[in-house]
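Using the working numbering, the final residue of the sequence shown is 361, and nothing's skipped along the way. Even for Gly, the Cβ is constructed at its ideal location relative to N, Cα and C.
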Amino acid sequence: MYTTLMYNPKSIKSNSEIGSPHIDCNNEGDMLQMDNKTVSLKENWKEGLLYLFPPLLRETLSNIEELPIEEIRIRTGQPVQLCFCGSERLLYPPANQTLVSAEDCAAIVERACEHSVYAWQEELRNGFLTLSGGHRVGLCGKAVKDNAGIRTLTDITSLNIRIARACPGAADALIPKLVRNDGSAYPTLIISPPGCGKTTVLRDLIRQLSWGLNGSRPMRIAVIDERMELAGCVRGVAQHDLGPRTDILNGCTKPEGIRMAVRTLSPEVLATDELGSHEDALAIQEAAFCGVITIASAHVTEPTLLFKRRVLFGLLESGALERVVLLGRHNGKAGHVLGIFDGTLNKLTDREGGVLCFER
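(1) Counting only C-beta atoms, is residue 306 closer than 8 Å to chain B at any point?
(2) Count the other CB atoms within 10 Å of the CB of residue 345; is the residue buried (16 or more) or exposed (fewer)?
(3) Within the same chain, show all residues whose beta-carbon is closer than 6 Å to that of residue 87, passing over the 5 residues directly before and after it, in chain order.
(4) How long is the line joining the alpha carbons of residue 253 and residue 347, rounded to whole angstroms?
(5) Looking only at its chain, what residues have a beta carbon closer than 6 Å to the beta carbon of residue 231, apart from the 5 residues adjacent to it on each side?
(6) Shortest alpha-carbon distance to residue 155 belongs to which of 194, 192, 106 and 100?
(7) Rounded to a whole number of angstroms, what is the C-alpha to C-alpha distance between residue 328 and residue 241?
(8) Which residue's Cα is closest to the Cα of residue 48: 132, 220, 186 and 343?
(9) Flag this pair as yes or no: are the beta carbons of residue 85 and residue 69 separated by less than 8 Å?
(10) In the structure shown, what three-state DSSP assignment does residue 161 receive?
(11) Roughly how many angstroms separate the alpha carbons of residue 93 and residue 81, rounded to a whole number?
(12) In its own chain, which residues sit with a C-beta less than 7 Å from the C-beta of residue 343, not counting the 5 before and 5 after it?
(13) I want to know whether the stretch 243 to 259 touches the stretch 172 to 189 - three or more CB-CB distances under 8 Å.
(14) Give me the DSSP bridge partner(s) of residue 348.
(15) Taking a contact to mean a Cβ-Cβ separation below 8 Å, would you say residue 113 touches residue 125 in this structure?
(16) Around the Cβ of residue 1, are there at least 16 other Cβ atoms within 10 angstroms (buried) or fewer (exposed)?
(17) Please report the residue range of the beta strand (DSSP E) in which residue 73 lies.
(18) Mind listing, in chain order, the continuous beta strand (DSSP E) runs of no fewer than 3 residues lying wholly within the stretch 239 to 280?
(19) Near residue 151, what residues of its chain come up, given a Cβ to Cβ distance below 6 Å and the 5 sequence neighbours on each side ignored?
(20) Check for me: the alpha helix (DSSP H) holding residue 180 runs from which residue to which?
(21) Just to confirm the assignment, what range does the alpha helix (DSSP H) spanning residue 206 have?
(22) Distance, Cα to Cα, residue 103 vs residue 78?
(23) Would you give the residue range spanned by the beta strand (DSSP E) that residue 298 belongs to?
(24) For the pair the stretch 307 to 314 and the stretch 274 to 283, tell me if three or more CB-CB distances fall below 8 Å.
(25) Ends of the alpha helix (DSSP H) at residue 314?
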């Protein structure tokens, strides 16, 4: 078994105190020895992921049940890092056992590619693999380039396995503020720092608008899933339920996908993740001129920073976006709505701590 060290963010001192973050290991119980005791969390991620790992790590992960895991981070020659909601754990192998090797990383990638790495070259070029169940494996290694840019990744040294979990109802708290009297949706931008639930909430918002739930009317939706994370398609099969009136275009850039969808799918709503470029904004503006509503997300920590992100603020000024939802963490938990704002960034809600959309 691996031995483990539990890490709590409150035990990390600021840079001003010690020069760099560190783990405070003085508390009794920081060092833990895993045993065979398990407590069910009603999770099924292991069924789809344990086969990826080398035997020793597979055995250890099969016995960790006390907290829902958000990410499993594997680095060559380093302890395995498990990320939970608000805490993390490092897994060390027993004495005289080998840490995760380069061969282990290569074997994990080969299994994730179903022993046909060549068939997954496009995904490798983009730096991630999408697995059955919607789980994603982020990759880090040696970039092989040609005249067109990065061609593939080799010599993989790090993997970040993000555990996918469906959270039906995650958008329940948002719908009343994001739907007009006629049941149509306001053009909406969901913002937050990384890891606060943007994609989870956006995914459920798509599903509810597609079904016409919670006061919305059923709407035709085109999802431009550039990073293949909203739907998590594997061989054309969506791993997440996005509703019965949703069309999914994945693997292309957002500007290309938006223009293609408007021309060929006659959507009422366009949905996409992580806006950022001028080309993204221009395509959304063109879609708005055609009467198509956009719901999207972006990495922004607070609404006032939109004034400095001219690409995004321009969409608010033009009316292509009319609502902004701020998500964040409260008491360590992701998925809290910290505010809903109109197109001029006037706050429409005022509740300290926010409303919890979902729990992982």
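So, from the listed chains and residues:
(1) Within the model displayed, chain B is absent; a lone protein chain is all it includes.
(2) Taking the sequence shown and counting its residues from 1, the one referred to as residue 345 is at position 344. Looking at its Cβ environment, which holds fewer than 16 other Cβ atoms inside 10 Å, residue 345 is exposed.
(3) Counting from one through the sequence shown, the residue named residue 87 turns up at place 86. Closer than 6 Å at Cβ, skipping near neighbours: 333.
(4) By 1-based counting over the sequence shown, the position of residue 253 is 252. By 1-based counting over the sequence shown, the position of residue 347 is 346. Their backbone Cα atoms lie some 34 Å apart in a straight line.
(5) Residue 231 sits at position 230 when you count from the first residue of the sequence shown. Only 204, 224 and 274 meet the Cβ criterion.
(6) Stepping through the sequence shown from its first residue, residue 155 is reached at position 154. Considering only alpha carbons, the answer is 106.
(7) Position 327 of the sequence shown, counted from the first residue, corresponds to residue 328. Position 240 of the sequence shown, counted from the first residue, corresponds to residue 241. Going by the C-alpha atoms only, they are around 21 Å apart.
(8) Mapped onto the sequence shown, residue 48 falls at position 47. Residue 132 is the option with its Cα nearest to residue 48.
(9) Here residue 85 corresponds to residue number 84 of the sequence shown, with the count starting at 1. Here residue 69 corresponds to residue number 68 of the sequence shown, with the count starting at 1. Yes, Cβ-Cβ distance for residue 85 and residue 69 is below 8 Å.
(10) Walking along the sequence shown from the start, residue 161 turns up at place 160. In the structure shown, residue 161 sits in a strand (DSSP, three-state: E or B).
(11) Translated into positions along the sequence shown, residue 93 becomes position 92. Translated into positions along the sequence shown, residue 81 becomes position 80. When rounded, the distance between both Cα atoms is 7 Å.
(12) Taking the sequence shown and counting its residues from 1, one reaches residue 343 at position 342. Result list for residue 343: 323, 324 and 349, in chain order.
(13) no
(14) Along the sequence shown, read from residue 1 onward, the residue named residue 348 stands at position 347. Paired residues: 342.
(15) Walking along the sequence shown from the start, residue 113 turns up at place 112. Walking along the sequence shown from the start, residue 125 turns up at place 124. Not in contact: residue 113 and residue 125 (Cβ atoms no closer than 8 Å).
(16) What the structure shows of the chain is the stretch from 2 to 361, and residue 1 is not part of that stretch, so it cannot be assessed.
(17) The residue given as residue 73 occupies position 72 in the sequence shown. Here the beta strand (DSSP E) through residue 73 covers 72 to 76.
(18) 247 to 251 and 270 to 273
(19) Within the sequence shown, residue 151 is the residue found at index 150, counting from 1. Within the same chain, residue 151 has close Cβ partners 126 and 144.
(20) Start at 1 with the first residue of the sequence shown, and residue 180 comes out as number 179. That residue, residue 180, is in no alpha helix (DSSP H); it is neither H nor E in DSSP.
(21) Looking up residue 206 in the sequence shown gives position 205. It spans 199 to 212 - the alpha helix (DSSP H) in which residue 206 sits, taken as one unbroken run.
(22) Walking along the sequence shown from the start, residue 103 turns up at place 102. Walking along the sequence shown from the start, residue 78 turns up at place 77. Rounded to whole angstroms, residue 103 to residue 78 spans 8 Å at the Cα level.
(23) Here the question's residue 298 lines up with position 297 in the sequence shown. First-last of the beta strand (DSSP E) with residue 298: 294 to 300.
(24) yes
(25) Residue mapping note: residue 314 aligns to position 313 of the sequence shown, counting from 1. Per DSSP, residue 314 belongs to the alpha helix (DSSP H) from 311 to 319.
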